Each structure stands twice: as C-alpha cells, then as structure tokens.
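Reviewing the structure listed below.
Protein chains in written order, with the working numbering: chain A, 36 to 309; chain B, -11 to 203; chain C, 357 to 568; chain D, 529 to 788.
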C-alpha cells in the first residue's frame, strides 16, 4: 500500500505541538464538567456487582503494569471502592511485580468501614502472570500460593477456609491488565468452570473484549480512563476519571479539527490545478 | 511530604519539561535526559541480570542442576562478536534462541491467529437483527481482505484484463476494509495513550499546589 | 572438524532440534517433552539472553568511551558519553550492593526511570497529532475511508462525542466491531501463512540470518 | 489419535499441509521452472529508491531492527533480518552511509554479522565500523529517546522499520519524519499496523512482512514460496466459505473438526 506524499509545511509541527499542549492544560486548570454518558458495557459490570448477593466471594486478578497504569487507574480505584462498599468477600492476587505498590496507592482511597482483614478480604502476593498461572489458580489456589502477602499461611486465614478453586467464587474480575489476562480468565475460568469474568481494562485491550462481551463470556468492562469516569459517575465518587473527561474531549476535538483543517488545506491546494 | 518525595517530584517535573523541549528543537537539555535515561537503563538492566543469575541460575547449579552450565557457557560465546575471526562461535547460542523463537511464535499463532479466527468468522448467526447482519458482513469483509494478500493474483493487476473481475472487485473492497480498519485502529489507540499523557502533564500542572500541600 | 564447527550447517541443525522439541511438546505433550521444552525455551533462553544484555551493555559503554576520547567531538558530546557510563556504573553498584529494594534504588526507579518511560511515551500524543494531520487527508478513495473510520472512532471514544451526536456511539462501535475486526482477522490468517512459509525457508538454510 | 493433544490435531494438520504446499511451490518454481510472476510491493521498491536518495543527499540511512528478543518473536525478527541483508547490501554497493540501531541484545550480534557480511561481500570492509550497528539500550523508551537524538544528529534521509515494534514505533517514525527522512515500515499485528500506516510513506502489512525477504530477492526459490503461500490462502478461503455455508444450513461439523 502506498500513500501519496504530502507537502510538508515548514513550522506546522510546532503549531500543532503547542495546540496539543494548550488543549490539554486549559481544561485541566479550568474544568467545564461535561456530562458523562455511561456505556452499556460499564453499566453491565456495575449492575452485576451491585446485584451480587451479600457474602459472595469475588476473585480479583490484579495485573497492573506501572507504565500503562494511568489508563486503568480511575476504573481500578472506582471498582475497588465499589467492591469494598458492598458486603462481598474479596480475594485478590497480583500477576505483575508492580501490582502491590500500585494497589497500596489505591487502597488509601477505599473506605474500609468495619471490614476485617482475613475475614472478608485477603491479599495474596505476586505470582508471575501467564495463562498457565490463571489456569492453575482456577483448579487449586493452594498449589500456587502458600501464604498471603503478609506471610500468613493460607490455611490459617478464616476466609480461605472454604476457598480453593474457581467454583468457590461468584465472579473473577481482572484489573488493569495490559497483557491479555482477561482472555486467559475467559479461557481458563469461564469456559471450563463457568465463572463469569468482569474487567477493568485499559483502552487498548477493550476492543478485543467486545466479542466476548457480546457472547456473554464477559459480563461487562470499562474502557480505559473514559470507562473509569463512567464508573466513578455510577458509584458517585469523582476521581481521576471524571477530572480528566474534559481533557479527553478537548484533545479529541483538537484532533478532529486538525484533520478538517488538513483536508480544507488540501482542497485549496488542489483547486487551481483543476 | 518528606524531603525525598519533594526532591523526587521536583526531579521528575524537571525531567518532563527537559524532555518536552525536544518538541521545540533538539537541544542539550533533551540530550542530558536521554544520556541519563540510557545510562540508568543500562545500570538497571545489568542489575536485573545479576539479580536473575544470583537468585535463580547459580543456586540451581549449586543444587545440582549442572545442565544450566551449558547455556551459561553458550551465552559466553556471544563475546565472540568482539573479534571477527571468532564470530562464528556466537552462532550456536543464537541458533538455539532462534529455534526457540520460531517454534514459540508459530505455536502461539496456530490457534490464536488461524484456527480461532476461522472458527469465529464462520460462526455466523442468521438472526434478523444487527448482530446477525454483522456476522454475515464480517465473513464477506474477511474474505475480501484476504484476497488483497493473494500475491500471484496481484501480479496480474497492471495487465488488468488478465484478472477475474469478481476477484479484482473483491480485492478493491478488501483494500477499503483494511484502510477502514487502520483508520479505526489508529483512533482507538489514542485514548489509552492520552491517559498516560494526562498523568504526566498533571504532575507538571499541579506541581506547585502539591509542593505547597494544597492537593 | 573446525571447518564443520565454523560452517553454518551445525547451527542450523541446532535450530532444527529446538524447533522440533517445541513442536512435539506442543502437539504430543508428555512430561519428558514438556520439561525439555521448558528447559530450552525458558531456562536456557533466559540465561543466554541475560548474557546477551551484558555483551550489549559492554559494547555500548565501550563505544561511549571511544566517542568520549575522540578529540574532535565537542565537549558537550564527550561529557554526555562519560555521564552515561558513570551513571550505569553507579546504578549497577547501588543495585548490587544495597539491593533493588533499598530506598535510594527505588527512589531512582520511581522518580527517574519510570517517569522517563512515561514522558518519552507521551510524546506520542504530539506525534499522533502531526501524523494524523499529514495522513488523514482525502487524497484518494482509500484515504477517504481511512479518514471517515478514524473520525468516527475518535468521536465514539471521546466523552464529548455522545453529547454532540448520539449516533457516534453506535456507528463508531460498528466500525470497530465489524470493519476493524474483519481487517484484523484477515491480517492474522495471512500472517500465520506467511510465518509458516518463512519458517520452512529458514530451516532449509536459504535465509542468511546467521551471516554468510 | 490420542497421541496428539486434543484440540491440536487440526493445528498439526494445518502446519503440515501448509508446509508441504510451500515446499511444493518452491519445487514448482525451482525444479519445474514455472516461476510465478509477482509484483514487488511499493515499499520494497522504495527501499532501493531510499538508498539512492541517501547517496544523492549524502545523508545516512537508518535501519531499525525492532524490539524484543529472538527467542520470543522469532519469525518476525527473521523476516526483518532478511530485509536487513538486502538493504545493507544495497547500501554497501552504492556507498550510502548506513546505520543500524537496535534495542535488542540478541538481535544486536545478528544484525552486526549480517551487515558486516554485506560490506565484506561488496569489497568495502573498511567502511564498516563500530558506528554502523549500534546497540542503544535494552530499555524501550531509553532506546526511543536515543533514536530521537540520533535521527536529528545524523540528519538521516531514510528510516526503515520493518519487523516487531511496540509503543516506540510512532515516536521514532515521527522523529525521523521531522528530521526530513522518508519512512518505510512494516508490521504484522493489527495492534501496530495503524501506527505504521499513518506514520510511513511506504508500508507493508500482515503477511507482506513475512514475505518481504522474498519480494526483495526475486529468486525462483523465494518466489516459489510465495506461490505456496497463495495456495494456502485459497485453502483458508475455501474452508471459511464452506464453514459459513454449513453454519447457515445449521451444521457445525466443520467447526467441530477445526476444534479437534
């Protein structure tokens, strides 16, 4: 494939750079607060969690990678706030080395109320993520983890007494993954064990999950920082997502405007020749 | 905020600004950031290497897994690149890596990239709604796009008449589909990248209020 | 003997053996093959790659020192080259003596290495703008399709899109779900076919990937 | 058939049939001398033009190897290396200044050997130096920043990046464009193709990347393999059409067979 080379105008780059910078910083300093329209996928995920019977066990595969984390941060934080607000039992494990540090940053925003560690939530340590790991966790958690992230043996944790495999959970939620954990969960938890999968994703992975969502293997998912904003709106707890919606809109509009200008300019250049 | 964090935030913000000056013109500030980053990157890479070898490889060898000495020795053959008459020796470790790479990539693609794609394409649903319509149109689009890659057919294109008109129409449609996919793909990648950008920019924009403890 | 060793037939044999082990463990399973597979593609490959990092890093530092010694290059350049090497050595010493969990190491990682990754990465937002200004021009019929699908998806993803016209959500999703998906599928199937062909050519030794 | 892991029987069958057809294509072309007519894609022709442009302008050409190790994306990297072999030969013959940059410690010695051989074969071993093939860093974005610096400092006139690239892709392309270079690229994954297509003047997509070496060389052996690839695509097309028709008729027998 080939594109005809376009004439390069001197200096157009610097003007564009400046416009990008301005279109991002101005709404950062003076937010307008444009409304957020919640998409079906986000709504589905929220409602599924909202409707879970109290006392349900929820598995969280926390797969955050520091470099791309800003895209998933809003949804992850909102998701954690939501999950801990409901009377659910949470078992969380990490599949990236960056995970524990990033999670502890988010937990500062989560209201714990009268929750007791070990009784209604457990944090398991980091294990190198792969499809095989996800599969192993679905069949025998004790085969992968011997103790939690504080070093307490799993068998001494009250919550873990009746939990060891995929069937013991109502749902598995994949958070902030940048490397296909959602698809592993679908293949290794949904298909063999029929455990529904939910995802708080970065926007690069999002389109890949749409077919799974349509097929019903994925109950719902958030789309990057935008999905994060929607989730924040749903749970009524504004955070980095809603703060950034204006910036997202303004930079997107700038891109569209640039494309329009480029085309108008091109037509003008062409006209005399015709 | 403690001093280490304050210093850290300041250094980060300075680095961000120095790095962005590249957009105006490549200059000594960017060069400094680049040299620093590359230097620290090498150091970090080497630390990771030593960490891996001392935490995994050497204990395993000491525990009796003597076979690991072989890849270690093969790795050392890579130093053969330093002298031309010895550079044949590096071929062995690389041949092993290449073999592993070829096998792994093909193995991974067979299911995900061939079988799964064929199955999902042909699993159409003939329901009278948008999903049903989409599933049929996808079959058509996939076939059209695949014809674009028929190299022996494409070779006849300049002659024009030599090509089956149906095939040439399919090829054109395929090219439109691929272009549409590319245009959409580029736009779809934008939001994720913008998220990181906003995060970096916020560090600069909110720097002073944060230093003053206002945020 | 040495001629055989120096030739490229033996390395290709090595390649064959590894490829066959990988494939047979994938298709036939069995604990022996699977452990051979893991040994070769994980344990051994990581060790060799790690040593390759050392070789590469030393080559880089050597080149930096050579450049720094060149009298004709300017002072700033020479300083930068030395600076690179010095930092590499210092971080290496800190990392190996105090450990990567030490405060100073994680400070360097969190406040320099990680933000540097992010900062360089975010330059892409500026460059995407200039690239789309150049590329999204309706020069021909194909470019028109490129342009329309791009704008539709951009407006679908932007939160403001739905406020402007609610249809963006549906049409943009259709472009992603149908057009983008079809294109990717065709590309993936074709890529697999191309990859198998290249594998055959490499295993015949006709591709000069290991030098002459 | 319990010897074969269940779910992988059809995959093995595809691998075998596809390999045999490639070999048949080569046999037809080399032994039977029925060489298929194949048009070079614009991107491959552009490689030669780009070398010419560099000679004319007296500016260097940059060839980037792509990121990652040979032990993971083996096939893609090998495709890149055959293009490197072709391009470095052209550059050596025509006396263009040629720079190869790499972020991959395992591709580094391979790229170095191939480029050196090209220079030796052209009788210009003296033109090859430590500056020709540069390992810039194994950290993705550090490499990226080093390339951004390099393209401006060396004022490159052409930038080639065909192979396996990640997020650094568009940044290096645009930096090169800003330095006044023409960009020639190629990616095989849908994830990376948009960046390549938008940032490059000429580009290869999908299967074309793996066939790039064949397009370059134009030997009967290589062209024959392309014939085999086409036969394989016809098979895939036939299966998809047949499977769709069967599904429409309410039978999923072919899908079941593929899942075997």
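No residue lacks a Cβ here, since even glycine has one placed at the ideal position from N, Cα and C. Since the structure is predicted, the reported quantities are computational estimates derived from the model, not experimental observations.
Residue nearest to residue 606 (chain D) within the set D:554, D:688, D:692 is D:692 (criterion: CA-CA distance).
As computed with DSSP, residue 686 (chain D) is found in a beta bridge with D:589, D:710. A contact between stretches requires three or more CB pairs, one per stretch, nearer than 8 Å, and the segment 656 to 670 of chain D fails this requirement with the segment 448 to 459 of chain C.
From the listed residues B:195, B:108, B:116, the smallest Cα separation to residue 126 (chain B) is found for B:108. In this structure, the straight-line span from the alpha carbon of residue 496 (chain C) to that of residue 528 (chain C) is close to 22 Å.
Counting C-beta pairs closer than 8 Å gives fewer than three between the segment 472 to 484 of chain C and the segment 707 to 718 of chain D, which falls short of the contact rule. Residue range 661 to 663 is occupied by the beta strand (DSSP E) that includes residue 662 (chain D). Counting only the Cα atoms, residue 93 (chain B) lies some 7 Å from residue 600 (chain D). Counting only residues of its own chain and dropping the five nearest sequence neighbours on each side, residue 103 (chain A) has a CB closer than 6 Å to the CB of 213, 237. The C-beta of residue 65 (chain B) comes no closer than 8 Å to any C-beta of chain D.
Contact annotation, residue 597 (chain D) with residue 33 (chain B): C-beta distance approximately 13 Å; criterion of less than 8 Å not satisfied. If you keep only unbroken beta strand (DSSP E) runs of at least 3 residues inside the segment 719 to 785 of chain D, you get 730 to 733. Contact of residue 387 (chain C) with chain B is not assigned, every C-beta pair being separated by 8 Å or more. The C-beta of residue 507 (chain C) comes closer than 8 Å to at least one C-beta of chain A. A direct Cα-Cα distance of roughly 20 Å separates residue 784 (chain D) from residue 382 (chain C). Three or more beta-carbon pairs separated by less than 8 Å link the segment 498 to 506 of chain C to the segment 165 to 172 of chain B, which places the two stretches in contact. Annotation for residue 208 (chain A): the continuous beta strand (DSSP E) segment containing it runs 206 to 210.
For the segment 155 to 182 of chain B, the beta-carbon criterion of a distance under 9 Å to any beta-carbon of chain D is satisfied by 166, 167, 169, 170, 171, 172, 173, 174, 175, 176, 177, 181.
For residue 504 (chain C), the enclosing alpha helix (DSSP H) starts and ends at 497 to 513. For residue 613 (chain D), the closest of D:549, D:639, D:735, D:751 by C-alpha to C-alpha distance is D:639.
For residue 554 (chain C), no Cβ of chain A is located within less than 8 Å of the residue's own Cβ. With respect to chain C, the C-beta atom of residue 151 (chain B) has no partner C-beta closer than 8 Å. In this structure residue 101 (chain B) touches residue 548 (chain C) by the C-beta definition: roughly 5 Å separates them, less than 8 Å. Following the DSSP letters along the chain, one finds residue 256 (chain A) inside the beta strand (DSSP E) bounded by residues 253 to 258. The alpha-carbon of residue 571 (chain D) is positioned some 18 Å away from that of residue 565 (chain D). Counting C-beta pairs closer than 8 Å gives three or more between the segment 450 to 469 of chain C and the segment 23 to 32 of chain B, which meets the contact rule.
Residue burial annotation: residue 46 (chain B) is exposed, with fewer than 16 other C-beta atoms found within 10 angstroms of its C-beta.
Contacts between residue 739 (chain D) and chain C, judged by CB atoms closer than 9 Å, involve 550, 553, 554 in chain order. The C-alpha of residue 175 (chain B) is placed about 33 Å away from the C-alpha of residue 636 (chain D).
Residues are counted here when their Cβ sits less than 9 Å from a Cβ of chain C; for the segment 650 to 672 of chain D these are 658, 659, 662, 663, 664, 665, 666, 667, 668, 669, 670, 672, given in chain order. Here DSSP, grouped into helix, strand and coil, assigns residue 163 (chain A) to coil. For the segment 80 to 109 of chain B, the residues whose beta carbon sits under 7 Å from a beta carbon of chain D are, in order, 82, 85, 86, 88, 89, 90, 92, 93, 94, 98, 99, 102, 103, 106, 107, 109. When CB distances to chain C are screened at a threshold of 8 Å, the residues of the segment 1 to 18 of chain B falling below it are 3, 4, 7, 8, 10, 11, 16, in chain order.
Listed along chain B, the residues sitting closer than 9 Å to residue 769 (chain D) by beta-carbon distance are 110, 127, 131. Minimum Cα-Cα distance from residue 122 (chain A) among the listed residues A:244, A:147, A:177, A:208 corresponds to A:147. A straight line joining the alpha-carbon of residue 687 (chain D) with that of residue 707 (chain D) spans about 10 Å.
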